[in-house]
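Protein chains in written order, with our numbering: chain A, 142 to 612; chain F, 142 to 612.
The structure appears below as structure tokens.
There are 2 protein chains.
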Amino acid sequence: MNELTINLNVKSRTPLYEQIYSYIKNDIQKSALKSGERLPSTRALSKHLDVSRSTVELAYEQLLSEGYIESEPYKGFFVAEIDELYQLKPASRELSFPEQKKKEEKYPYDFSPNGVDLKSFPYNTWRKLSKDILTDDKSELFRLGDSQGEPGLRNAICSYLHQARGVNCRPEQMIVGAGNDYLLMLLGTILGQKHRIALENPTYKQSYRLFKNLSYEVCTVGMDHRGMIVDELEHSGADIAFVMPSHQYPLGVVMPLKRRMSLLKWAGEVPGRYIIEDDYDSEFRYKGKPIPALQGYDVNGKVIYIGTFSKSIAPAIRMSYMILPEPLLEIYYRKSRFMNSTVSKVDQMILQHFIEDGYFERHLNKTRALYKSRHDTLMNCLKPLQDCCSISGENAGVHLLLHFHNGMTEEELIEKAKAVGVKIYGLSDYDVRGGEGQDKLQPTILLGYANMNEQKIAEAIRLLEKEFVTA
Amino acid sequence: MNELTINLNVKSRTPLYEQIYSYIKNDIQKSALKSGERLPSTRALSKHLDVSRSTVELAYEQLLSEGYIESEPYKGFFVAEIDELYQLKPASRELSFPEQKKKEEKYPYDFSPNGVDLKSFPYNTWRKLSKDILTDDKSELFRLGDSQGEPGLRNAICSYLHQARGVNCRPEQMIVGAGNDYLLMLLGTILGQKHRIALENPTYKQSYRLFKNLSYEVCTVGMDHRGMIVDELEHSGADIAFVMPSHQYPLGVVMPLKRRMSLLKWAGEVPGRYIIEDDYDSEFRYKGKPIPALQGYDVNGKVIYIGTFSKSIAPAIRMSYMILPEPLLEIYYRKSRFMNSTVSKVDQMILQHFIEDGYFERHLNKTRALYKSRHDTLMNCLKPLQDCCSISGENAGVHLLLHFHNGMTEEELIEKAKAVGVKIYGLSDYDVRGGEGQDKLQPTILLGYANMNEQKIAEAIRLLEKEFVTA
């Protein structure tokens, strides 16, 4: 019998039983202890190593439970046949593959319209909630949950949407999912294939590409300063309209009530017509009261409402929600409810408590104040540019637009800004028609301010001013 | 000016500044403090309340940052216009909707073939990792991540799959997603619509329904004791075969090497043919060495490999992975990589460390030992039934099958078991052909043992014995 002289380190942070366990496991793995070989009794080994017997027992129990040793009553412990056991070598921490991301050029100033300020993310709260939840709950937390999302979370989101957005819904109508892309894919299984979807032009290209990918017929409908032109929609042959009435991306248009009503009327005229309302950043409005969601005016079950916590909390938490009108809910129950939830229960519980315990309200007011101050600074700084461009899309969201009439093209504007270290974004990137069949758009750039502090905004605009304002 | 006599509770767990903040916020919300009204200076209020000035300053800062008050230089603090602020009433914790789940009948003994033992889930490890990760990392953790999944996690999974399953892949080929359903939906956007998918019959109905939902043509191909019959597949007109070679669900067949080769040959014969390998519970084998995944033998880029942590860790963590062969990877990059990841970064980091730090190896060996012991107990207990049924699908996974020849129909078997409090599952539930065009299947039941301890298994089988063994 092997004497098992293990060099124990009493000062180590690794408990003694764990050191014994690792030593023996190691010996078994490298065949220093062979299959069938008998181990010393717990009493003998504890004496030999001068540790308590229960320490050795703990180590043996661990080895037993993982199948490295076997116990035979009245005979003792024996090394098991370990061919069948998992012995995983750690992966090399060096990534075996080169990072594929294109090296994005770093600009000193970046007016990305997709930014989110993550400095104000309530890390400590999130950690605390996460810890509390993993302490309180046990196995229920890791059992497969409700495929629509946990009832408690849906209840909390519904209550928020009702108060903050005038959304009219019951938690039964809501599906929580891992991001808008996923929810739109799921919606595809409910609606089925044969649809023609009309998007605003210009629009959020991610949605456009997604609908194309899901094999829908996709068309675009022009916009005026009130949003999607309903006459054009009427003639497009589309039966589904995808709109962002609260703050259209990228144009920043807020759809007035009258246009909303025309859109609802269009949907109501033919059975099977639907409106998808993407309410992606409606949390942020800096002037006047927020306009309730289109969904709140819908009395005929025509609006599919989609919202996300990517903008209001953080992009990487991957939680969005979709509210189905009754006719589609019925199809969902019949056809697609069997598909499992895409959000882990732990994450759902964290979010539920974040909302219920008042942290979400605080966080919204804080980021809103932050973005408002950046918005106001930007508007102020832009004054010297007012002779060469006009502003639109302000007072909501986290970006605005500048329409130039200083003779420069969009490419020129972007190049000149780049030369002084400022990244700005051209509107034509969002034009899915590619400028065809319509007048070339006025040179327009987007300025996002979510991820720039006041000082940087001021500095960057001063740099742009020198380039854009022709003497 | 309001004197703000706040009843502070020094013994409360709520910090003093928070009590002051809440009191003032409350007064503002209920208009006891009106818009434009001036607040006492921090000095005056700290004197009045007999607290330190910094306590009051903290409270004012909080109110400022959330937009409840405004500061005017040299003048002081004033109540803001709060019409625009979020004031969310908590949702009633009482759910406003009745639980919709059908009340499932509780059986004293349930041989569910979909069980997972959650008692052995390493809660403490999971909590510790979660805490560490939320402490270490900061904003990067909440920024949008790689749409394929974090490179570190993909590296760790690849290394595991290579060692444990003989899977041959680079991390670039892997996509991490929130569950198999999602990954199959994503695969749909890569493959496009026009395919005919062949599934084994009987099969896992979830996949069958999903493919139907995604508007594929779906057909079934019969099985013999080696798995999907390749001749039948050849004549089915299918170009995609969905198989579970490691342990077919529900039949438990392990596909031998020769059949695997025939299947790969079938795929290689015509460009555009693919095999989807669902390796859902291959972690658990109790006899002999595990057979490497079909993917490991594929030299022509024909196998799409899908695996999950639902069985090996827990269903509710919602993490699966898909490995694309090169030709499809190229399409993914071009067509579908723009879609955002469906798994939160925090969860990905927890899993990465769980694998890298050796916890996954331990957990696998532990659950494997646990399931093996339950498997062995079940096999032992079944001996008295050997005259009325034969066993198949044993030695792997977490369920086995009993084929009866005691004259009872499947319905009768299930009813008799129910009468003594034992829930068993009929094979015909998995027959998507509905028994048409083939001989009626032999009465067969599934017994899952993942979620039953040895004692319960013994008790339940004794009950069944009395019912099924005809004297």
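Yeah, the Cβ is synthetic: ideal placement off N, Cα and C, and Gly gets one too.
Since the structure is predicted, the reported quantities are computational estimates derived from the model, not experimental observations.
Thinking C-alpha only, which one of the options is nearest residue i?
i	options	result
residue 280 (chain A)	F:271, F:265, F:286 and F:294	F:265
residue 261 (chain F)	F:448, F:325 and F:593	F:593
residue 565 (chain A)	A:250, A:401, A:187 and A:190	A:250
residue 366 (chain F)	F:532, F:331, F:216 and F:276	F:532
residue 473 (chain F)	F:316, F:584 and F:438	F:316
residue 563 (chain F)	F:590, F:480 and F:545	F:590
residue 454 (chain F)	F:188, F:507 and F:216	F:507
residue 200 (chain A)	A:587, A:157 and A:468	A:157
residue 488 (chain F)	A:459, A:253, A:383 and A:179	A:459
residue 602 (chain A)	A:320, A:561, A:183 and A:571	A:561
residue 424 (chain F)	F:196, F:354, F:549 and F:513	F:513
residue 421 (chain F)	F:321, F:186, F:354 and F:490	F:321
residue 398 (chain A)	A:391, A:263 and A:406	A:406
Got a sec? Which residues, its chain only, sit under 8 angstroms from residue i by beta carbon, not counting five neighbours each side?
i	result
residue 150 (chain A)	160
residue 579 (chain A)	Note that residue 579 (chain A) scores a pLDDT of 48, beneath 50, so its modelled location is shaky; the value from the coordinates is reported in the next line. Result list for residue 579 (chain A): 363, in chain order.
residue 478 (chain A)	288 and 289
residue 456 (chain F)	257
residue 104 (chain A)	Residue 104 (chain A) falls outside the range modelled here, since chain A spans only 142 to 612, and no answer is possible.
residue 189 (chain A)	144, 145, 146 and 181
residue 170 (chain F)	223 and 228
Name the one or two DSSP bridge partners that residue i has.
i	result
residue 361 (chain A)	A:340
residue 632 (chain F)	Nothing about residue 632 (chain F) can be reported from this structure: the residues present for chain F run from 142 to 612 only.
residue 251 (chain A)	A:564
residue 105 (chain F)	The first residue shown for chain F is 142 and the last is 612, placing residue 105 (chain F) beyond what the model contains.
residue 618 (chain F)	A question about residue 618 (chain F) goes unanswered here, because the residues of chain F that appear run from 142 up to 612.
residue 418 (chain A)	A:384 and A:446
residue 540 (chain F)	F:589
residue 299 (chain A)	None; residue 299 (chain A) has no bridge partner.
residue 220 (chain F)	F:210
residue 530 (chain F)	F:545
residue 317 (chain A)	A:462
residue 179 (chain A)	A:219
residue 613 (chain F)	Only positions 142 to 612 of chain F appear in this structure, which leaves residue 613 (chain F) out of reach.
Once the 5 residues before and after residue i are set aside, which same chain residues still bring their CB inside 6 angstroms of it?
i	result
residue 486 (chain A)	282 and 286
residue 607 (chain F)	none
residue 501 (chain F)	495
residue 148 (chain A)	none
residue 497 (chain F)	297
residue 462 (chain A)	298, 315, 317 and 448
residue 611 (chain A)	547
residue 470 (chain F)	314
residue 585 (chain A)	542, 544 and 568
residue 483 (chain F)	318, 319 and 323
residue 408 (chain F)	414, 416 and 443
residue 493 (chain A)	293, 294 and 297
residue 427 (chain A)	513, 516 and 536
residue 168 (chain A)	174
residue 604 (chain A)	561 and 563
Excluding the 5 residues preceding and the 5 following residue i in the sequence, name in chain order all residues of the same chain whose CB lies nearer than 7 angstroms to its CB.
i	result
residue 386 (chain F)	368, 396, 401, 418 and 435
residue 370 (chain A)	362, 363 and 364
residue 241 (chain A)	Here residue 241 (chain A) scores only 49 on pLDDT, less than 50, and its place in the model is too uncertain to base an answer on.
Chain F contacts made by the region 157-180 of chain A, where a contact means CB separation under 7 angstroms: Within the region 157-180 of chain A, no residue has a Cβ that lies closer than 7 angstroms to any Cβ of chain F.
Cβ pair count under 8 angstroms reaching 3, the region 290-297 of chain F against the region 307-326 of chain F: yes
Near-chain F residues of the region 502-532 of chain A (beta-carbon distance less than 7 angstroms), N- to C-terminal order: 502, 503, 505, 506, 507, 509 and 510
Chain-ordered residues of the region 208-227 of chain A with a beta carbon less than 8 angstroms from chain F: 208, 209, 224, 225, 226 and 227: these are the residues of the region 208-227 of chain A whose beta carbon lies less than 8 angstroms from some beta carbon of chain F, given in chain order.
Touch test, the region 212-220 of chain F against the region 549-560 of chain F, Cβ-Cβ under 8 angstroms, three pairs minimum: Fewer than three pairs of CB atoms, one per stretch, sit closer than 8 angstroms, so the region 212-220 of chain F makes no contact with the region 549-560 of chain F.
Stretch-stretch touch, CB-based, cutoff 8 angstroms, three pairs: the region 373-390 of chain F with the region 514-522 of chain F: Between the region 373-390 of chain F and the region 514-522 of chain F, the count of Cβ pairs shorter than 8 angstroms is below three; the stretches do not touch.
Where the region 353-371 of chain F meets chain A: residues whose CB sits under 8 angstroms from a CB there: 354, 355 and 356
Contacting positions in the region 441-465 of chain F - beta carbon closer than 9 angstroms to chain A: So the list reads 451, 454, 455, 456, 457, 458, 459 and 460, given in the order they occur along the chain.
Residues of the region 248-273 of chain A whose Cβ lies closer than 7 angstroms to any Cβ of chain F, in chain order: 259, 260, 262, 264, 267, 268, 271 and 272
Where the region 468-480 of chain F meets chain A: residues whose CB sits under 7 angstroms from a CB there: 476, 477, 479 and 480
Interfacial residues, the region 330-351 of chain F to chain A, with Cβ spacing under 8 angstroms: 330, 333, 334, 347, 350 and 351
Near-chain F residues of the region 530-556 of chain A (beta-carbon distance less than 9 angstroms), N- to C-terminal order: none
Residues from the region 379-399 of chain F in contact with chain A, defined by Cβ distance under 9 angstroms: none
Within 8 angstroms of chain F by C-beta, residues of the region 296-308 of chain A in sequence order: 296, 297, 299, 300, 301, 304 and 305
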